[in-house]
Amino acid sequence: MVERVLAGGLGPDPRTSRIAMAFVTRQAVRHDGRGTGYRNEVLSLRLAGAVGSCAVEPGALPDAAIDDCVGADVARLLEHPLLPVRVAALDAYLLHVGPHTPRNGARPFPLSAGTSLEKSRARARAVVELLDLPTGATVLVVGVVNSLLEALRSRGLRPVPCDLKGGVTEWGEEVVTDALGAAEHCDALLVSGMTLGNGSFEPLRRHARAHGKQLVMFAQTGSAVLPRFLGHGVSAVCAEPYPFFWLDAGAGTLHRYGLPGRGPDGGR
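To convert, note that position 178 of the sequence shown is 182 in the working numbering; the numbers rise steadily by one, no gaps.
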C-alpha cells in the first residue's frame with residue numbers, strides 16, 4: 005500500500021502533500037465504577053482537512069518525532085524510521101483522498117453525548133455488532149478494552165483478552181500476551197488498530213485469511229488504512245478518526261465498514 009501511494013497510484017503525489025500540524029494526545033482515565041484505569045498516547049498528523057493517527061505506548065515516542073513531521077511531505081514520512089510516524093502519515097493521506105463517507109463504503113453510527121463510560125459502552129456495542137457468530141463462540145480481543153469484554157459477554161460470546169503488557173482484566177481474568185498463539189484456539193478476532201503501529205497486525209491478518217476467520221478491527225489508529233484490507237483478511241472495521249470518543253462528552257460519529265453477509269452493515 006505504501007508503494008502504491010509513493011507511486012501516485014492512490015491519489016495526488018505524496019511529495020507535494022505536506023503535513024501542516026503534528027501533535028500528541030495524552031490521556032489517563034478511570035471510569036466511575038471501574039477499579040482500574042489506563043493511559044492512551046496518540047500521534048496525529050494533519051493533512052489539509054484530514055487527521056491521521058497512530059497510538060503508541062505511553063512515553064515511547066521521542067519528542068523529536070513531532071519536529072520531524074511538521075512541514076514534511078507525506079512521501080518523506082512514509083520512509084521515516086519510526087513505524088508510528090509512517091502509519092500516521094499513511095492514515096492522514098488515505099483519509100484525505102478517501103474520507104469516511106457512504107460513497108466510500110462507510111456507514112455512519114452516531115454516538116450520543118454522555119459520560120466517558122456511557123460513550124465507551126456505546127462504542128463497544130457498535131464494534132461487537134460487526135461480528136457474526138453463534139452463542140458460545142470464542143473471540144480473541146487484541147488490545148484489552150473492558151467495555152468490549154462486557155459487550156461480548158452480553159451477546160453470549162467468550163472473550164480471550166490479549167495485550168502485550170499482560171496482567172489481568174477488571175474481573176481478574178488473565179491477559180495473554182501471545183496474540184498469534186491464542187488466535188489458533190479462537191473462532192474470531194477483534195483487534196485494535198494499534199497493532200498497525202507495533203507491527204503485529206500483519207501476522208493476525210494472515211492468520212484470519214488463511215483460516216477463514218472473521219477479523220474485525222476497531223480503529224482509532226489507521227481508521228482510513230484498515231478499510232483498505234476488507235476482503236483481504238479483514239471482515240469489518242469500526243473506524244474512528246480524530247477526535248476520538250474519549251476527548252469530550254458531546255455527540256460523535258463512528259464509521260462502520262463490512263462485507264456482504266458479515267455484520268449488520270454488510271451489503272447495505
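Think of the CB as a built atom: it goes at the ideal place given N, C-alpha and C, for glycine as much as any other residue.
Within its chain, find whatever has a CB closer than 6 Å to the CB of G15; leave out the 5 residues flanking it on each side and keep chain order. V101
Can you find at least 3 beta carbon pairs, one from the stretch 111–128 and one from the stretch 142–158, that sit closer than 8 Å? yes
Could you say which of H211, G235, V33 lies nearest to T119 if we only look at CA atoms? V33
Can you tell me where the beta strand (DSSP E) with P247 in it begins and where it stops? Neither: P247 is in no beta strand (DSSP E) and is coded neither H nor E.
For V28, is the classification buried or exposed, using 16 other Cβ atoms within 10 angstroms of its Cβ as the cut-off for buried? exposed
L194 (DSSP reduced to helix, strand or coil): strand
Restricting to Cα atoms, I'd like to know which of S21, G140, T173 is closest to A76. S21
Am I right that G197 and Q218 are in contact with their C-beta atoms under 8 Å? What's the rounded C-beta distance? Wrong, their Cβ atoms sit about 16 Å apart, outside the cutoff.
Got a sec, what are the start and stop residues for the alpha helix (DSSP H) F233 sits in? Run containing F233: none; DSSP gives neither H nor E here.
Along the chain, where does the beta strand (DSSP E) containing A54 start, and where does it finish? 54–60
Assign S48 to one of three DSSP states: helix, strand, or coil. strand
What does DSSP give as the partner residues of Q218 in its beta bridges? A192
T257, DSSP secondary structure in three states: strand
Specify, as a first and last residue, the run of the beta strand (DSSP E) that L144 falls within. 142–146
Option nearest P207 by Cα separation, candidates H236, F248, R159: H236
Proximity below 7 Å, CB of V146 to CB of V195: yes
Output needed for P268: all residues of its chain with C-beta closer than 6 Å, excluding positions within five of it in sequence on either side, in chain order. Interpretation of P268 is limited by its pLDDT of 40, a score under 50 that renders its predicted location unreliable; no figure is taken from the coordinates.
Quick one, which of R210, L251, D252, F249 has its alpha-carbon nearest F233's? R210
Between N108 and the rest of its own chain, which residues show a CB-CB distance below 7 Å, the 5 nearest in sequence each way excluded? G102
Taking S204 as the reference, give the member of H189, A214, T181 with the closest Cα. T181
For R22, report the span of its beta strand (DSSP E) as first-last. Looking at the DSSP string, R22 is not in any beta strand (DSSP E), and its letter there is neither H nor E.
With 16 other CB atoms within 10 Å as the buried threshold, where does D71 fall? exposed
Proximity to A214 [Cα-Cα], best of E188, N202, V229: E188
Of all Cβ atoms in chain D, is any one closer than 7 Å to the Cβ of A110? Of the protein chains in the structure, only one exists, and it is not chain D.
Measuring CA to CA, which of E178, Y246, G63, L184 is closest to H104? Y246
Tell whether a beta-carbon distance below 7 Å holds between A64 and L86. no
Starting from L99 and walking both ways along the beta strand (DSSP E), at which residues does that stretch end? Taken as a continuous stretch (DSSP letters only), L99 belongs to no beta strand (DSSP E), being part of the alpha helix (DSSP H) at 87–101.
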